[in-house]
Each structure stands twice: as structure tokens, then as C-alpha cells.
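Working notes, beginning with the structure itself.
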Amino acid sequence: MAEEAEAKPAETDTAAEKCALRLGLVIPTLNEAGNIGGLLGQVRSVLDAQEIPFEIIVVDDDSRDGTGDVVSSVAREDPRVRLIVRKGEKGLSGAVIDGWAASSAEVLGVMDADLQHPPEMLTALYAAVSEGKDIAVGSRYTAGGGVGEWNFVRRFLSAAAVWATLPVQHAGARAKDPMSGFFLVRRECLEGVRLQREGFKLLLDVLVRGRVRSIREVPIAFGARSQGASKANFKVGWDYARLLMRLYAWRCGVGR
Ligand SMILES: Nc1nc2c(ncn2[C@@H]2O[C@H](COP(=O)(O)OP(=O)(O)OP(=O)(O)O)[C@@H](O)[C@H]2O)c(=O)[nH]1
Ligand SMILES: [Mg+2]
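The sequence shown begins at 19 in the working numbering and counts up one residue at a time.
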């Protein structure tokens with residue numbers, strides 16, 4: 019009996035060591051049929067090579083170009099890939115929030131479907147969270163990162179938008195690239211937190227309203243969109259302005 023009792027903790031330790039955090043990665047799509055098949059292949063092989071337990075949830079807003087069919091055919095051969103189709107609703111942040119709600123994983127993530135976010139960087143992002151960081155961000159503005167072929171106007175607007183977030187971000191977990199659409203966050207940081215569903219800038223909301231106390235930014239080179247058209251437009255800028263105003267108010271205690 020005594021031998022059994024002594025043996026048990028050792029077995030439990032080994033099991034705990036093997037028990038890696040599960041990743042629930044959401045990929046929002048709107049007419050990404052030319053990109054999503056290739057991206058799913060790349061993401062699965064990166065995560066499999068690292069033995070990272072995962073599920074991928076593609077949240078598609080009823081695309082008309084066959085995006086859903088491409089995802090369904092991958093999902094038939096790999097049950098770790100799931101498709102959620104939203105009808106009558108659009109919006110990047112809302113799609114990601116709905117995808118996260120459909121996952122029970124301990125680590126929640128998001129990346130774009132258009133191959134602008136390098137899938138191989140998932141390894142470094144996941145490592146940061148498994149080593150204890152609350153959030154890991156694929157960053158264009160940390161040393162080694164970059165925005166690729168953006169023109170002067172887009173670079174200027176992006177820099178100004180980042181600058182405007184500095185007072186509202188928390189000192190201990192401030193991101194140089196709070197506009198990134200490529201990040202992983204511990205689920206517990208978001209438990210009970212209400213995030214804005216409109217717009218593209220979910221990370222900023224997560225950093226300010228989430229319980230995020232530590233961060234690692236991993237440099238990424240933001241590639242050119244592979245296929246299809248950009249969905250960024252004037253409304254994305256307007257939604258960002260509304261989010262920023264709400265976050266300033268929230269930091270002053272309004273709406274908590
Ligand atoms: N489900 C859903 N996904 C969306 C919506 N709008 C954009 N997306 C997806 O969100 C990701 C980012 O959109 P993009 O159009 O690439 O925006 P961007 O990367 O800021 O702009 P570009 O640099 O011009 O590509 C892509 O995977 C899109 O398919 C939407 O309303 N619903
Ligand atoms: Mg894009």
C-alpha cells in the first residue's frame with residue numbers, strides 16, 4: 019500500500035508535464051476562398067510539428083465565393099478544424115468573439131486568413147503563453163518586425179493610431195503594436211469581460227479591458243495579402259475611433 023501511495027505523485031507529475039495548454043485559434047473569413055485552404059494546411063503542419071494541441075475555428079460571414087466549401091472539405095478530413103457560418107451578421111471583432119465563445123481551449127488566438135500573418139510564428143507565440151505570459155502578440159513594431167509595402171499615408175495613419183492608444187494601455191502590459199490582428203491570450207484573462215463587437219481592433223480592447231498583466235511581442239513581417247480584396251475601409255477607422263473613446267471613458271471609470 020505504502021509503495022502505491024508513493025508511486026502516485028510521480029505518475030501525476032509526468033502526466034502534468036505532458037499536459038500542454040490547448041489552443042483555440044479563430045480565423046475570421048469574408049470571401050477568402052483563394053487563401054483559406056493554403057492557410058489551414060500551413061497552420062496545421064506548424065502546430066502538428068510542435069505537438070501543440072489545437073482546434074481551428076473558421077468563422078465565416080456567409081461568403082459568396084465558396085470559402086465555406088473549402089473549409090468544410092478540410093473539416094471532413096480533420097475534425098480539429100471547424101466551420102461556423104454566421105448569416106445576417108458581419109464584423110471582424112464580433113466573428114472572433116463568437117469563435118472564442120465556441121471553443122473551450124485554455125489559450126484563445128486569432129489570425130487573418132489572407133496569409134499576411136506568418137503561420138510559423140505561431141510557435142513563438144504559443145511558447146510565450148505556455149511560459150506564463152498572459153498574451154503574446156505578433157508585432158510589426160517591435161525590433162525585427164515590419165509592415166512591408168505600405169505607402170507613406172498608411173504608415174503615418176497606423177503610427178498615429180498606435181500613439182493615440184499609449185495613455186489608455188496599462189503600463190505593465192503595453193504593446194508596441196496594439197492594432198495587430200495576430201495574437202494568443204489566456205482564456206482566463208477574458209472571463210466575464212465584454213468586448214466591442216464592431217471593428218477590427220480587438221487586441222486593443224483585450225489589452226485595456228481584459229485582465230492582461232504580462233505580454234511578449236514577437237516580431238512579424240506583415241506580408242502582402244495573398245489573394246482577394248481587403249475589407250478595411252472608412253468604417254473600420256470610425257469603429258476604431260469609437261473604441262478608443264470608449265476605452266478612455268472606461269479607464270476613467272465610465273461603463274465599468
Ligand atoms: N467573419 C468576418 N471576417 C472578416 C470580416 N471583415 C474582414 N474579415 C476577415 O478579417 C481578416 C482581416 O481582414 P483584411 O481585409 O485582410 O484587413 P486588413 O488585413 O486590415 O487589410 P489589408 O492589409 O488590406 O489586407 C481577413 O481574414 C478577413 O477575411 C467580417 O466582416 N467578417
Ligand atoms: Mg489583410
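Positions of the beta carbon are idealized from the N, C-alpha and C atoms, including for glycine. Nothing here was measured: the structure is a model prediction, and the numbers come from that model.
DSSP beta-bridge partners of residue i
i, result
"Gly164", "Ala239"
"Leu175", "Bridge partners of Leu175: none, in fact."
"Leu222", "The partner list for Leu222 (beta bridge, DSSP) is empty, contrary to what the question assumes."
"Arg100", "Ile75"
"Val147", "In the DSSP output, where bridge partners are listed per residue, Val147 has none listed."
"Ile233", "Ile153"
Reference residue i, options the options, closest by Cα
i, options, result
"Thr178", "Tyr159, His135, Gly166", "The sequence shown places Ala at residue 178, rather than the Thr named in the question. That would be Tyr159, whose Cα lies nearest to the Cα of Ala178."
"Leu126", "Pro185, Ser148, Asp79, Ile238", "Ser148"
"Ala119", "Val230, Glu206, Asp66", "Glu206"
"Ser198", "Ala145, Gly210, Arg204, Leu220", "Leu220"
"Gly217", "Arg192, Ser111, Leu41, Arg274", "Ser111"
"Ala123", "Thr183, Pro71, Trp256, Ala142", "Pro71"
"Gln68", "Val44, Ala38, Thr85", "Ala38"
"Val186", "Ser244, Ala267, Gln134", "Ala267"
"Gly52", "Ala250, Gln245, Lys249, Arg264", "Gln245"
"Leu261", "Lys249, Ser248, Val224", "Val224"
"Ala193", "Pro46, Val230, Arg204", "Val230"
"Arg212", "Arg264, Lys105, Asp80", "Arg264"
"Arg172", "Phe252, Ile74, Gly59, Ile75", "Phe252"
"Ala113", "Val44, Gly255, Val88, Leu175", "Val44"
Residue i - DSSP class collapsed to helix/strand/coil
i, result
"Asp204", "This sequence places Arg at residue 204; Asp is not what is there. Three-state DSSP puts Arg204 in a strand."
"Gly156", "strand"
"Leu140", "helix"
"Gly127", "strand"
"Glu21", "At Glu21 the pLDDT is 40, less than 50, meaning the model places this residue with poor confidence; the figure from the coordinates comes in the next sentence. It is helical."
"Lys249", "coil"
"Gly106", "coil"
"Asp132", "coil"
"Met263", "helix"
"Ser244", "coil"
"Gly117", "helix"
"Arg227", "helix"
"Lys26", "In this prediction, Lys26 has a pLDDT of 44, which is less than 50 and means its spatial position is unreliable; nothing more can be read from the coordinates."
"Gly190", "helix"
"Asp195", "coil"
"Val180", "helix"
"Arg269", "helix"
"Val211", "coil"
"Gly217", "coil"
"Ser111", "helix"
Cβ of residue i within 7 Å of any chain D Cβ
i, result
"Val61", "Annotation note: the requested chain D is absent from the structure, which comprises a single protein chain."
Span separating the alpha-carbon of residue i from that of residue j
i, j, result
"Trp181", "Glu95", "45 Å"
"Ala259", "Arg98", "36 Å"
"Ile115", "Ser232", "21 Å"
"Tyr144", "Leu222", "19 Å"
"Val226", "Val272", "13 Å"
"Pro237", "Ile153", "14 Å"
"Asp78", "Gly86", "7 Å"
"Asp66", "Cys270", "44 Å"
"Val92", "Ala189", "42 Å"
"Arg100", "Lys151", "27 Å"
"Leu57", "Asp132", "8 Å"
"Ile54", "Leu184", "34 Å"
"Met129", "Arg40", "16 Å"
"Glu235", "Pro137", "15 Å"
"Lys108", "Arg243", "20 Å"
"Arg215", "Phe170", "29 Å"
"Val165", "Val155", "15 Å"
"Ser248", "Gly163", "21 Å"
"Asn49", "Arg82", "7 Å"
"Val103", "Pro196", "28 Å"
Those runs of the beta strand (DSSP E) which lie wholly inside the segment 28-96 and span at least 3 residues: 41-47, 72-78
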